[in-house]
Structures are given as structure tokens and as C-alpha cells.
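Engineer: Below: one structure in C-alpha cells.
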Amino acid sequence: MSCSRTLLQTYHPSKFLPPGGCIMAKTHNVTEFIFLGLSSNPEVQKVCFVMFLLLYTAIVLGNLLIVLTVMSSRSLGSPMYFFLSYLSFVEICYASTTVPKLISDLLAERKAIPLWGCMSQFFFIHLFGGTEAFLLTVMAYDRYVAICKPLSYTTIMSRQACAFLVGAAWVGAFVHSLVDSLLVFRLPFCGPNVIDHYFCDVLPLLKLACSDTVLIGLLIVANGGTLSVISFVVLLASYVVILLHLRTRSSAGRRKALSTCGSHVTVVTLFFGPCIFIYLRPSTTLSVDKTVAVFYTVITPLLNPVIYSLRNAEVKKAMKRLWVRAMKLEERSPIEIPASWWLHHG
């Protein structure tokens, strides 16, 4: 699910038609799109280039550290960390769909992307965004089983069940993304081709289509809405039941249970918060949309590993062990040549 506000109002087709019109066209006259980017000021672009390059590097390294820590630590073998490693991998993919192009465009005079590249970017944004939404939902269900049904936890959340849930998240996101992409790709684009954004999002593309986009917009809303409603209902139900169940726990048990859920609730808020803002904000401009897009394509993937590592003692201990192990390997790395070799070859 991409955090893009889809179009609910009618755009007048003739507003975007070139002389002669092409409202009945079924092919694309446009072969590329031009991004306006975040700013047209060269000095601001240079500052943004350095900033986003550092942020993207931190996103990749931070989330990769989570993946390596979970994979190399036996103490992090529970389903919760299994899902966390997949979430971190998806965060890397999600950010890599838009941020590298944003960084390269900040130094480019002409910020162009071919039509096929735009559609590919659109598809993968929805694929990885949808996968993240489903994974967050699965992680909420995992916390529900762990807290409310601890005796049956290992049976319910078996290795096979976890693999199935992750696979279902990918399949569900793929179907969601494929439907949205097919709906947008069938639209005729015959000019203009300037996108007031830094990546191919739903609303800017619908604005550039030279046909009536009301039906397509409603179908995309229905598709994204179904994913959002399913995810939100499962998330809400899981944590309502958890809170009700914790009333019977001791204060110490309650604090421990809430601490394990705190990181996940924070990440869910960071992910769904911008989505809710985009969908409900009654704006007709894209300037605020671009600012919010920076939050969910850059800031959220950056903060997730920080949140999970700082608020989880087990993850911090596993990271320290991984660091110590890496230092020991580095100390052993130089090749020690025996003294006898020098006697024979000196």
C-alpha cells in the first residue's frame, strides 16, 4: 500500500489535452516524465544531496545491521525477531525504490524518468509498502498470541506458520500492487509530462492522464482501502485484546508485556500516521504531499532500526556480541607467515 492520496474528485480531461486532443487514445504519446523534485534552488539541492545521501546510507546500514544481528544470534530465534528481520529487509527495498533516484536528481539539471521506469517505480512502491503493512499486521498478531496465549505460542507460531505468514504478506502485497499498476498503466498519457513530485505517485499520475480518472481513482481507493481496513482491523483488535488481557497481570508482568509492544506500536504509528494524514487532508496542492512523502519514504525506514534496537535489551545485547565477534575476526585477519618460510625464501 503506497501512502498516496488517491483522486476522489473529477479532473476535467480537456484541461490536460494538447491541441487536437487524445481523450480516446489507448496508447501513450508520452515516453518519459519530468520530475520537479523537492526544490528548484541549486544551493538547496546541494544541501539536500548531502543530507539524503547520509540518510540513505544510514537506512541501509541500520536495517542491514538488524538483519545480520537476527540471523547470527541464537537468542533472537523467536518469531518476533524473524518478522523483524523481514521488516528491516523490506524497509531497505522500500527506501531504495525512491531515494537513490531522488539523490541523483538533486545534481541533475533534467530530472527525467522513462515511462517504463515510472511504472516500475510505481509498482515496487506499492509492493514494498503493502508488504510492510501486512508484516506490521502479522507482528501485531504475534504479540497477541505471545501475551494472551503463551502456553500455545510455540504451537501456533511454528516455523511453518511464520513462513506462511511472511509468504502471504508478499503475495497479498503483490496482488495489491499489480492491480493498482494495471489500473494506472492503462491510462493514456499524451501531455503534459511534468510531475510535481520526486517519484511516480498516484495523484500526480492521475492528474497527467488525458482521460476521465474518476472510475480509476475509485478503484484504486477501493483496492488500497481494502488493504488498509484489513490491516487496521487486525492491528486494532490485537492491541485491544492485549490491553484487556493485561488488566489481569501483575504490574511487573504488565510493564514487561507493554515494553515488548511499545516498539511495534511506535513503528505502526510512524507508518500509518502519514497515510492517514495524506488520505484525510483536503488539499488541492502537492507541496505538502511531497514533504509528507519524505517522512514515510526516508524518515520512517531510518527510525525503525533505531526504535527496535534502543527499546529492546535483547537486540542490544545481540548487537554487542556481533560487534565483539567482528572485532575478533578482524584481529585474526592478517596472515601470519612462519619464520621458517623466511629462512627458506629470504
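Residue numbers (the UniProt record's numbering): 1 to 346.
Note that beta-carbon positions come from the ideal geometry of N, C-alpha and C, so glycine has one too.
State buried or exposed for M327, treating a residue as buried only when at least 16 other CB atoms are found within 10 Å of its CB.
Structural biologist: exposed
Engineer: Does DSSP put F174 in a helix, in a strand, or in coil?
Structural biologist: F174 carries a helical assignment under DSSP once its states are collapsed to helix, strand and coil.
Engineer: Relative to the C-alpha of L322, which residue among L55, S73, A168 and T226 is closest?
Structural biologist: Cα-wise, what sits closest to L322 is S73.
Engineer: Taking the Cβ atom as the reference point for each residue, do Y86 and S238 lie within a distance shorter than 7 Å?
Structural biologist: no
Engineer: Relative to the C-alpha of L64, which residue among E43, V44, A313 and V306 is closest?
Structural biologist: V306
Engineer: Pull up the distance between the alpha-carbon of S263 and that of Y141, whole angstroms please.
Structural biologist: 15 Å
Engineer: Rounded to whole angstroms, what is the Cα-Cα separation between L218 and C275?
Structural biologist: 17 Å
Engineer: With a threshold of 6 Å on Cβ separation, who are the neighbours of V194 within its own chain once the five nearest residues in sequence on each side are excluded?
Structural biologist: I34
Engineer: Could you tell me the distance, in whole angstroms, from the CA atom of L84 to the CA atom of F122?
Structural biologist: 25 Å
Engineer: Using a Cβ-Cβ cutoff of less than 6 Å, which residues in the same chain neighbour L172 once the five nearest sequence positions on both sides are dropped?
Structural biologist: Looking at the sequence provided, one finds Gly at residue 172 rather than Leu. Correct list, in chain order: F134.
Engineer: Taking all protein chains shown into account, do 16 or more other C-beta atoms lie within 10 angstroms of the C-beta of E109, making it buried, or fewer, making it exposed?
Structural biologist: Exposed.
Engineer: Go ahead and label N304 buried or exposed: buried means 16 or more other beta carbons lie within 10 angstroms of its beta carbon, across all protein chains shown.
Structural biologist: buried
Engineer: Can you give the Cα-Cα distance for P18 and P204, rounded to whole angstroms?
Structural biologist: Note on P18: pLDDT 43, under 50, position unreliable in the model; the coordinate value appears next. Answer to the nearest angstrom: the Cα atoms are 18 Å apart.
Engineer: At what residues does the alpha helix (DSSP H) containing I92 begin and finish?
Structural biologist: P79 to D105
Engineer: Expressed to the nearest angstrom, what Euclidean distance is found between the alpha-carbon atoms of L106 and L258?
Structural biologist: 42 Å
Engineer: So what's A326 in DSSP terms, helix, strand or just coil?
Structural biologist: helix
Engineer: Checking 7 Å against the spacing of the C-beta atoms, do D196 and L36 come in under that value?
Structural biologist: yes
Engineer: From the DSSP secondary-structure annotation, give me the bridge partner or partners of I34.
Structural biologist: A112 and V194
Engineer: Taking its Cβ as the centre, do 16 or more other Cβ atoms sit within 10 Å of N312, making it buried, or is it exposed?
Structural biologist: buried
Engineer: Assuming T131 and A169 form a contact by the criterion Cβ under 8 Å, report the distance between their Cβ atoms to the nearest whole angstrom.
Structural biologist: 5 Å
Engineer: How would you write the range of the alpha helix (DSSP H) that F46 sits in, first residue to last?
Structural biologist: Before going further, note that residue 46 is Lys rather than Phe in the sequence given. Its alpha helix (DSSP H) spans residues P42 to S72.
Engineer: Determine the DSSP secondary structure at K26, reduced to helix, strand or coil.
Structural biologist: Because K26 sits at a pLDDT of 49, beneath the cut-off of 50, its placement in the model cannot be relied upon, and the point is left open.
Engineer: Span of the alpha helix (DSSP H) holding V234?
Structural biologist: First-last of the alpha helix (DSSP H) with V234: V214 to L246.
Engineer: When you compare only the Cα positions, how much space is there between C148 and L183?
Structural biologist: 42 Å
Engineer: Suppose the cutoff is 6 Å on Cβ atoms and the five residues either side in sequence are ignored; what does the same chain contact list for I92 look like?
Structural biologist: The answer, listed in chain order, is V60 and N63.
Engineer: Just how far apart, CA to CA, sit L246 and K316?
Structural biologist: 26 Å
Engineer: Taking the alpha-carbon positions, what's the R254 to S228 distance?
Structural biologist: Taking C-alpha positions only, R254 is separated from S228 by approximately 29 Å.
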